[in-house]
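Novice: Sequence lines, in order, name chains A and B. Start counting the first sequence at 94; every next residue gets the next number (my numbering). Start counting the second sequence at -5; every next residue gets the next number (my numbering). Every residue, glycine too, gets a C-beta built ideally from N, C-alpha and C.
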Amino acid sequence: MNIFRLAGDMTHLASVLVLLLKIHTIKSCAGVSLKTQELYALVFATRYLDIFTHFISIYNTLMKLIFLGSSFSIVWYMRRHKIVRRSYDKEQDTFRHLFLILPCFLLALVINERFTFKEVMWTFSLYLEAVAILPQLVLLQRTRNIDNLTGQYVFLLGGYRALYILNWIYRYFTEQHFVHWITWISGLVQTLLYADFFYYYFHSWKNNEKLQLPA
Amino acid sequence: DEQESVKDEL
């Protein structure tokens, strides 16, 4: 494993921990999109189908369990926890899941590396992950006051994607690594979705201002 | 092989 991959995974882990910290400690999920969190739970559930049948490393299995466990527990907190769910901005978080899930599923049926159940599910999870942040970005744009933890959560998620691209470039040159169009293009699309957010994040950081996205 | 190198990622 190279340094970019490890840094990417750790950034991903940090993003989840920041979100859990906010929800668990402050007992608030204000500004967090339940739609995005449910999409991530679906992404991990469909991607890690082989978690108990295909062993790669202890690190790999452990991280998969963390991402599965954290994404489902965040959804549980936002839907069921009696204090946390009160802070959920239901009226603002109106993005329709199905508009993302259905096209991703159809695309995975058509464009995949092999037409098998596991392979189609894996491809679906890649396409869905690429766009899963959209409800969250829409919610951020509607929320006039983005709190620090929510801003950091989205920043860390975007950072994780950017580091994965560096990881692929590194692997391409150092390993007998083939071109993985599906993984790379969906990963690139996903990272580009953060470009606008990054711009305003750095802008607010440089000027020491509160993060606000233009309406 | 080719398949494995991507699936070892998260």
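1. Any beta carbon from chain B within less than 8 angstroms of ILE149 (chain A)'s own beta carbon?
2. Starting from GLU212 (chain A), trace the alpha helix (DSSP H) both ways and give me its first and last residue.
3. Could you tell me the alpha carbon to alpha carbon distance between TYR141 (chain A) and TRP215 (chain A), rounded to whole angstroms?
4. Does LYS157 (chain A) have its Cβ less than 8 angstroms from a Cβ in chain B?
5. Hey, quick one: how far does the alpha helix (DSSP H) through PRO228 (chain A) stretch, first residue to last?
6. For VAL224 (chain A), which residues of its own chain have a beta-carbon under 6 angstroms away from its beta-carbon, when the five flanking residues on both sides are left out?
7. Examine chain B for any beta-carbon lying closer than 8 angstroms to the beta-carbon of ASN300 (chain A), and answer yes or no.
8. DSSP three-state label for MET94 (chain A), please.
9. If you run the structure through DSSP and keep just helix, strand and coil, what is ALA123 (chain A)?
10. Is it buried or exposed, ILE283 (chain A), if we count other Cβ atoms within 10 angstroms and call 16 or more buried?
11. Quick one: what does DSSP say GLN245 (chain A) is sitting in, helix, strand or coil?
12. Is the number of C-beta pairs between the stretch 95 to 102 of chain A and the stretch 263 to 276 of chain A that are closer than 8 angstroms three or more?
13. Helix, strand or coil: which one does DSSP assign to LEU193 (chain A)?
14. So, LEU230 (chain A) versus PHE290 (chain A), is the Cβ gap smaller than 8 angstroms?
15. Is it buried or exposed for GLY162 (chain A), if we count other Cβ within 10 angstroms and need 16 for buried?
16. Beta carbon of VAL177 (chain A), beta carbon of ILE116 (chain A): below 8 angstroms?
17. Would you say THR146 (chain A) reaches chain B, if we count a Cβ-Cβ gap shorter than 8 angstroms as a contact?
18. Touching or not, the stretch 104 to 115 of chain A and the stretch 172 to 186 of chain A, by the rule of three or more beta carbon pairs under 8 angstroms?
19. Mapping DSSP to helix, strand and coil, what is ASN238 (chain A)?
Specialist: Once the coordinates are examined:
1. Start at 1 with the first residue of the first sequence, and residue 149 (chain A) comes out as number 56. It does; some Cβ of chain B falls within 8 angstroms.
2. Counted from its first residue, the first sequence places residue 212 (chain A) at position 119. Its alpha helix (DSSP H) spans residues 210 to 224.
3. For the purposes of this step, residue 141 (chain A) is identified with residue 48 of the first sequence, where counting begins at 1. For the purposes of this step, residue 215 (chain A) is identified with residue 122 of the first sequence, where counting begins at 1. Distance between the alpha carbons of TYR141 (chain A) and TRP215 (chain A) is about 8 angstroms.
4. On the first sequence, residue 157 (chain A) is found 64 positions in, with the first residue counted as 1. Taking Cβ atoms only, chain B reaches closer than 8 angstroms to LYS157 (chain A), which makes this a yes.
5. Position 135 of the first sequence, counted from the start, is the residue given in the question as residue 228 (chain A). Per DSSP, PRO228 (chain A) belongs to the alpha helix (DSSP H) from 227 to 235.
6. Here the question's residue 224 (chain A) lines up with position 131 in the first sequence. Excluding sequence neighbours, VAL224 (chain A) sits near LEU193.
7. Residue mapping note: residue 300 (chain A) aligns to position 207 of the first sequence, counting from 1. No, ASN300 (chain A) lies away from the interface with chain B (no Cβ there is under 8 angstroms from its Cβ).
8. Along the first sequence, one-based indexing puts residue 94 (chain A) at 1. Three-state result, MET94 (chain A): coil.
9. Translated into the one-based positions of the first sequence, residue 123 (chain A) becomes position 30. Coil, per DSSP.
10. As a position in the first sequence, residue 283 (chain A) is number 190, starting the count at 1. Per the sequence shown, the amino acid found at residue 283 (chain A) is Gln instead of Ile. Buried.
11. As a working note, residue 245 (chain A) is residue 152 in the first sequence. Three-state DSSP puts GLN245 (chain A) in a helix.
12. yes
13. Looking up residue 193 (chain A) in the first sequence gives position 100. The answer is helix: DSSP assigns LEU193 (chain A) an H, G or I state.
14. Start at 1 with the first residue of the first sequence, and residue 230 (chain A) comes out as number 137. Start at 1 with the first residue of the first sequence, and residue 290 (chain A) comes out as number 197. Yes. Within cutoff.
15. Numbered from its first residue, the first sequence carries residue 162 (chain A) at position 69. By the neighbour-count rule (16 or more Cβ atoms within 10 Å), GLY162 (chain A) is not buried but exposed.
16. Working through the first sequence from its first residue, we reach residue 177 (chain A) at position 84. Working through the first sequence from its first residue, we reach residue 116 (chain A) at position 23. Yes.
17. As a first step, residue 146 (chain A) is located in the first sequence; it is residue number 53 there, counting from the start. Answer no: the Cβ-Cβ gap between THR146 (chain A) and chain B never drops below 8 angstroms.
18. no
19. As a first step, residue 238 (chain A) is located in the first sequence; it is residue number 145 there, counting from the start. Coil at ASN238 (chain A), not helix or strand.
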